[in-house]
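What follows is a single structure, written as structure tokens, with notes after it.
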Amino acid sequence: MKVVGFVLMTMMVAGVVQGLDNGLALTPPMGWLAWERFRCNVDCVNDPQNCISESLFMVMADLMVSEGYRDLGYDIVSLDDCWLDHERDDEGKLQPDPTRFPSGIASLANYMHDRKLRFGIYEDYGSHTCAGYPGILGHLETDARTFADWGVDYVKLDGCNADPADMDEGYPAFGYHLNKTGRPMMYSCSWPDYQALTGMTPNYTAIINTCNLWRNYNDIQDSWASVTAIIDHYGDKQDFMVPHAGPGHWNDPDMLIVGNFGLSYEQSKTQMAIWAILSAPLIMSVDLRTIRPEYKAILQNRDIIAVNQDPLGIQGKRIYKENGIEIWSKPVTPVKHGNHSYALAFMNRKDDGTPTKVSHSLRSLGLTSPDGYVITDLYDHLQYGTVLPDDQLVLEVNPSGVVILSCRLVVAT
Ligand code: GLA
20 MKVVGFVLMT MMVAGVVQGL DNGLALTPPM GWLAWERFRC NVDCVNDPQN CISESLFMVM
80 ADLMVSEGYR DLGYDIVSLD DCWLDHERDD EGKLQPDPTR FPSGIASLAN YMHDRKLRFG
140 IYEDYGSHTC AGYPGILGHL ETDARTFADW GVDYVKLDGC NADPADMDEG YPAFGYHLNK
200 TGRPMMYSCS WPDYQALTGM TPNYTAIINT CNLWRNYNDI QDSWASVTAI IDHYGDKQDF
260 MVPHAGPGHW NDPDMLIVGN FGLSYEQSKT QMAIWAILSA PLIMSVDLRT IRPEYKAILQ
320 NRDIIAVNQD PLGIQGKRIY KENGIEIWSK PVTPVKHGNH SYALAFMNRK DDGTPTKVSH
380 SLRSLGLTSP DGYVITDLYD HLQYGTVLPD DQLVLEVNPS GVVILSCRLV VAT
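Counting in my numbering, the sequence shown runs from 20 upward without gaps.
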């Protein structure tokens, strides 16, 4: 059972590691991460507005607050690769690039905390990060301590330049050192992703007991092809993956790219809806200075965020896939007499230019409560009223778009 508050329960006995129990991420983490949009741009001389520097993170933090993201739950602002100096300091500690982070990381963490935001950092289990900066291998205890001293709240630990076979020991060992600091830090792992890439079968029992979230598939890129490849992966592997997700431990299909260059308006709505159904971490990677209002509205859709943040924490599934139409279903609260409410997403994978009519009874989608469901469209807020299990639900779904419905159980008095 997860316990709220910090409890040190990690033990290493004969190579068996038990337990992350840090009380964090009881619903999927929400925030902002630099990587997908800003990458490893270190050229602050020629591109000061977009390079990886403390001012970029401070500007984004200010916008998280002033534009209302934080108050909707997006409360983590995280570094990704390329924040480090190429050398450790004289005491063997990590240090940021001094020209791009002149105030230091503790000061940047304070900046976040002063704004009621949480501060995330990136490192890599191997000898070097993916971009070639120092990794934590050989320094696990020191680096965990440094992160705690700096006031870090969230650690993304990548897996480049490491042997995936070592990760079953290494990721839990770093988790142990994080816990030992006494500072609750969310732990985001890339462990299963790197193991799967080499054909290993990740040990999810250990992963769940170590990490609050984990990547298990390719990096997201700024394209619809990338988003749909991830959606397909999650659909195809759902029977294996869904049981691993729940309060405190989540599958991470990678960042939201809504508001960038690669997705249309319809495709952006689809990514947000499917990420909500998947109980995915909602980690935006977008330039909050220039995002267009209609994309901001997608990211800020309260009802879809509520689907994602439902306290049951059940990862949804693809329950129908035929003729270019997919239906995804997530059980949510309220629950009564064993019947759940649901969020349903109808996704149109076709590109034939005109909306597709979709018609199903609720019963055929597994919604069988005899008193029916109050149904609302979460993007256009159309109310369908109370729909009974054998009523026919008829929808029009735009090409590469989605309709996402809240189906709230009617509880007879
Ligand atoms: C890997 C990760 C990405 C990002 C980059 C940084 O590819 O999967 O999310 O952190 O490294 O180099």
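A virtual CB, placed ideally from N, CA and C, is assigned to each residue, including glycine.
*asked:* Using only CA atoms, which one of C59, H356, P374 lies nearest to A431?
replied: For the options C59, H356, P374, the alpha carbon positioned closest to that of A431 is the one of H356.
*Would you mind sorting A362 into buried or exposed? The rule is 16 or more other CB atoms within 10 Å of its CB.*
buried
*asked:* the ligand GLA and W54: does the residue's C-beta get closer than 6 Å to at least one heavy atom of that ligand?
replied: Because some heavy atom of the ligand GLA lies under 6 Å away, the Cβ of W54 counts as near it: yes.
*Report all residues from its chain with a CB closer than 7 Å to the CB of N281; omit the five preceding and five following residues, and keep chain order.*
Residue identity check: residue 281 is Gly in the sequence provided, not Asn. Once the five neighbours on either side are set aside, the close Cβ partners of G281 are D241, S242, W243.
_First and last residue of the uninterrupted beta strand (DSSP E) at F57_ = First-last for F57: 54-57, but that is the alpha helix (DSSP H), not the beta strand (DSSP E).
*Pick helix, strand or coil for R337, following the three-state DSSP scheme.*
strand
*Determine the DSSP secondary structure at Y392, reduced to helix, strand or coil.*
Residue state, collapsed to three classes: strand.
*Using 6 Å as the cut-off, classify the Cβ of A181 as near or not near the heavy atoms of the ligand GLA, replying yes or no.*
Not so, every heavy atom of the ligand GLA lies at least 6 Å from the Cβ.
_Which residue marks the beginning of the beta strand (DSSP E) containing T229, and which one marks its end?_
Careful: T229 lies outside any beta strand (DSSP E), inside the alpha helix (DSSP H) at 223-229.
*Could you tell me if the beta carbon of C149 falls within a distance shorter than 6 Å of some heavy atom in the ligand GLA?*
yes
*Whole-angstrom distance between S287 and P117, CA atom to CA atom*: 37 Å
*When you compare only the Cα positions, how much space is there between I324 and A295?*
7 Å
_Which residues DSSP lists as bridging S207, in chain order_ = K175, L232
*Compute every distance between the C-beta of D104 and the non-hydrogen atoms of the ligand GLA, then say whether any falls below 6 Å.*
No, the Cβ of D104 stays beyond 6 Å of every heavy atom of the ligand GLA.
*So the beta strand (DSSP E) E142 belongs to, where does it begin and stop?*
137-143
*Where does E345 land, buried or exposed, given buried means 16+ other C-beta within 10 angstroms?*
buried
_Residues that L103 bridges to, as DSSP identifies them_ = Looking at the DSSP assignment, L103 forms a beta bridge with P115.
*Give the single residue among R337, S348, A192, T46 whose Cα lies nearest to the Cα of L301.*
Ranking the options by Cα distance to L301, first place goes to T46.
*asked:* For the region 87-99 against the region 45-65, do three or more pairs of beta-carbon atoms, one drawn from each stretch, fall closer than 8 Å, so that the two count as touching?
replied: yes
_Touch test, the region 79-96 against the region 141-149, Cβ-Cβ under 8 Å, three pairs minimum_ = Fewer than three Cβ pairs drawn from the region 79-96 and the region 141-149 lie within less than 8 Å of each other, which leaves the two stretches out of contact.
*How would you call N417, buried or exposed, if buried means at least 16 neighbouring beta carbons within 10 angstroms?*
buried
*Taking all protein chains shown into account, do 16 or more other C-beta atoms lie within 10 angstroms of the C-beta of G267, making it buried, or fewer, making it exposed?*
buried
*Identify every residue that forms a DSSP beta bridge with G404.*
I394
*Of all the options G335, R311, S378, P330, which has the alpha carbon lying nearest to the alpha carbon of C342?*
Cys is not the amino acid found at residue 342; the sequence shown has Asn there. Among G335, R311, S378, P330, the Cα nearest to that of N342 belongs to S378.
*Is any heavy atom in the ligand GLA found nearer than 6 Å to the beta carbon of D100?*
Within the chosen limit of 6 Å, the ligand GLA reaches the beta carbon of D100 through at least one heavy atom.
*First through last residue of the beta strand (DSSP E) which encompasses Q411*: 411-416
*Considering only C-alpha positions, which residue in the set P153, A316, L232 is nearest to L103?*
Between L103 and the set P153, A316, L232, the nearest pair of CA atoms involves P153.
_Can you check which of these residues, Y93, A215, F76, L412, is closest to K376 by C-alpha distance?_
L412
*Is it right to say G178 is buried, meaning 16 or more other beta carbons lie within 10 angstroms of its own, or is it exposed?*
buried
_I'd like to confirm something about D241: is its beta-carbon nearer than 6 Å to some heavy atom of the ligand GLA, or not?_
no
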